[in-house]
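Reminder that position 21 of the sequence shown reads as 20 in numbering that gives the first Met the number 0, one-by-one numbering, no gaps.
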Amino acid sequence: MNVTSIKGFRDVLPDEAARRRAILDATRGVLESYGYAEIELPLLEKGELFQRSVGATSDIVEKEMYAFEDRDGTLIALRPEGTASAVRAYVENGLTRSLPVGRLWYSGPMFRRERPQKGRYRQFSQIGAEFFGRDDAAADAETLCLVADICAAVGVRGTRIDLNSLGDAACRPAYREALSEYGRLHASELCTDCCARLERNPLRLLDCKNPGCKAAMSAAPLMIDHLCDPCRAHHDEVLRLLGVAGVAVTANPRMVRGLDYYCRTAFEVVAEGLGAQDAVGGGGRYDGLVAALGGPDMAGIGFAFGLERLDLASRPDGDDLGVAAAAVKILMAPVGEAAAGPALALARRLRQTGLRVEMESPGRRLKAQMKHADKIGARFVVILGDAEIASGRATVRDMRAQLDHASLFGLADDATAIVTKLEQIGQFEQR
Ligand SMILES: [Zn+2]
Ligand SMILES: [Zn+2]
């Protein structure tokens with residue numbers, strides 16, 4: 000019996016891996032242009048970290064976290080998200096003092112034991128960014144500019160940024176109570192999950208996907224109507240600044256995000272063509288989190304994009320071949336065992352000039368090697384048969400012109416001189 004992968008875990012085949020790398024490169028470029036520095040965070044954390052940050056009553060911690068007891072009895076968790084780790088690292092490494100206004104980004108796999116569904120995996124990748132030490136509206140607006148610029152750089156189609164304010168410690172408790180009361184009045188219409196959330200996490204009632212809950216909550220009070228004056232002023236200023244900066248956002252007063260630590264600004268990025276699960280990323284302000292994890296009273300705002308979601312929302316239509324599309328420029332074709340050594344040596348030298356060179360098998364007939372050159376779209380084939388080894392000069396086939404050039408260069412020639420010779424017989428881009 001074959002050993003297969005675990006349900007919800009999958010392989011990323013070369014075509015997709017190449018696209019993911021392009022998305023990461025584009026995103027990194029934008030992040031660095033905003034002054035963000037990269038931080039690498041561990042995949043495993045103490046379970047307590049997520050209980051204290053994401054929230055013990057959140058779906059993520061309650062139902063989806065991969066957690067286990069280590070040999071010494073410590074509760075260990077595979078990270079379900081990145082913000083908690085980033086905040087822990089920021090506090091633990093003294094960056095709250097050395098980098099009191101800090102912009103950090105990270106990328107890598109996250110783990111949630113979600114119900115398997117199309118496009119959702121239990122191991123998924125995120126690109127996240129955290130902006131510490133600023134609680135002013137301009138920091139929120141800058142963050143949303145960054146989000147919009149990443150979407151543009153990656154080429155996400157039909158982007159919409161949904162924006163809401165979740166209030167703060169001054170105004171949310173009263174709103175929470177009002178929402179909970181509304182929920183109790185409509186308890187008979189709510190699903191069992193929502194009934195359980197009524198007291199513990201009533202905000203989640205607003206984003207339940209159950210049609211009955213949606214209908215029951217349609218007239219529920221909204222946070223945006225219950226903001227205190229400072230929260231209201233902050234939210235209005237964020238909207239004003241975004242208008243000046245030219246970033247379009249859509250008010251979505253029902254968007255609450257799934258995590259406990261958000262306050263004030265919360266946002267979600269949705270893209271067209273992704274169906275019901277249309278969010279490609281999201282984030283928000285989390286001013287109490289640094290202190291909650293043992294640091295000073297320090298503000299923070301951040302976001303994360305799902306790499307798989309970005310890929311779906313930006314890739315051209317059409318099926319994946321699942322085959323590497325890296326453009327090999329030269330196929331080294333040694334015919335016979337005597338050619339193997341010189342071919343290996345020549346290929347290495349040519350690669351040092353930056354050329355992509357793939358080496359064929361010396362045991363195969365030239366015809367089969369040429370077929371392979373066609374398949375991979377090689378620009379040139381360097382043929383080393385008995386005659387070439389005897390003369391010390393290579394034959395080159397120009398695949399585009401379907402022309403052979405006998406004795407084009409000597410096997411001991413300088414690699415850059417060889418590249419010049421190739422350029423003379425046919426135009427090609429080296430990279
Ligand atoms: Zn519900
Ligand atoms: Zn408030």
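We put the beta carbon where it would ideally sit given N, CA and C, even for glycine.
Check: Per DSSP, the bridge partner or partners of Leu402; Outcome: Asp397
Check: Alpha carbon of Arg9 to alpha carbon of Met109, nearest angstrom; Outcome: 13 Å
Check: Beta-carbon contacts of Leu94 that lie in its chain and below 7 Å, excluding the five residues immediately before and after; Outcome: Gly101
Check: Residue from Cys193, Pro220, Arg121 and Pro13 whose Cα sits closest to the Cα of Lys208; Outcome: Cys193
Check: Backbone secondary structure at Arg430 - three-state DSSP; Outcome: Note that Arg430 has pLDDT 49, beneath the 50 cutoff, so the model's placement of it is unreliable and no number is given.
Check: According to DSSP, residues forming a beta bridge with Tyr105; Outcome: Gly127
Check: Residue burial classification, Asn1 (beta-carbon count within 10 angstroms, cutoff 16); Outcome: exposed
Check: For Ala332, three-class secondary structure by DSSP; Outcome: strand
Check: Close beta carbons around Gly182, own chain, < 6 Å, minus the five adjacent residues each side; Outcome: Leu197, Pro201 and Leu204
Check: Same chain, Cβ closer than 7 Å to Ile417, five either side skipped, listed in chain order; Outcome: Leu349 and Phe408
Check: Check: Leu189 C-beta below 7 Å from any heavy atom of ligand 1; Outcome: yes
Check: Straight-line Cα distance separating Thr264 from Asp14; Outcome: 37 Å
Check: N-terminal and C-terminal residue of the beta strand (DSSP E) that Ser164 is part of; Outcome: Arg159 to Ser164
Check: Ligand 2 heavy atom lying under 7 Å from the CB of Pro229; Outcome: yes
Check: DSSP three-state assignment for Glu236, whether helix, strand or coil; Outcome: helix
Check: Boundaries of the alpha helix (DSSP H) in which Glu198 is found, first to last residue; Outcome: Thr191 to Arg199
Check: First and last residue of the uninterrupted alpha helix (DSSP H) at Cys495; Outcome: No answer is possible for residue 495: it lies beyond the span of the chain, which begins at 0 and ends at 430.
Check: The alpha helix (DSSP H) enclosing Cys207, as first and last residue numbers; Outcome: Where Cys207 is concerned, there is no enclosing alpha helix (DSSP H), given that its DSSP letter is neither H nor E.
Check: Val86 in three-state terms, based on DSSP; Outcome: helix
Check: Residue burial classification, Lys374 (beta-carbon count within 10 angstroms, cutoff 16); Outcome: exposed
Check: Cβ contact (3+ pairs, closer than 8 Å) linking the segment 289-302 and the segment 350-357; Outcome: no
Check: Ala88 vs Gly127 beta-carbon contact at 8 Å; Outcome: no
Check: Contact test: Ala173 Cβ vs ligand 2 heavy atom, cutoff 7 Å; Outcome: no
Check: For Phe8, three-class secondary structure by DSSP; Outcome: coil
Check: Reference Gly425; option with closest CA among Leu410, Asp412 and Leu402; Outcome: Leu402
Check: Nonlocal neighbours in the same chain, by C-beta distance under 8 Å from Ile5, ignoring five residues either side; Outcome: Arg121
Check: Run of the alpha helix (DSSP H) containing Leu288, from where it starts to where it stops; Outcome: Leu288 to Ala291
Check: Contact the segment 68-75 vs the segment 134-141: 3+ CB pairs below 8 Å; Outcome: no
Check: Contacts around Arg112, its chain only, beta-carbon distance under 8 Å, and the 5 residues preceding and following it disregarded; Outcome: Gly7, Lys62, Glu63, Met64, Tyr65 and Arg121
Check: C-beta atoms of Arg78 and Leu42 nearer than 8 Å; Outcome: yes
Check: Any non-hydrogen atom of ligand 1 within 7 Å of Cys212 CB; Outcome: yes
Check: Of the residues Pro229, Asp296 and Gln368, the one placed nearest Met331, counting alpha carbons only; Outcome: Gln368
Check: Neighbourhood of Val90 by C-beta, 7 Å cutoff - its chain only, sequence neighbours within 5 removed; Outcome: Val289, Leu292, Gly293 and Gly294
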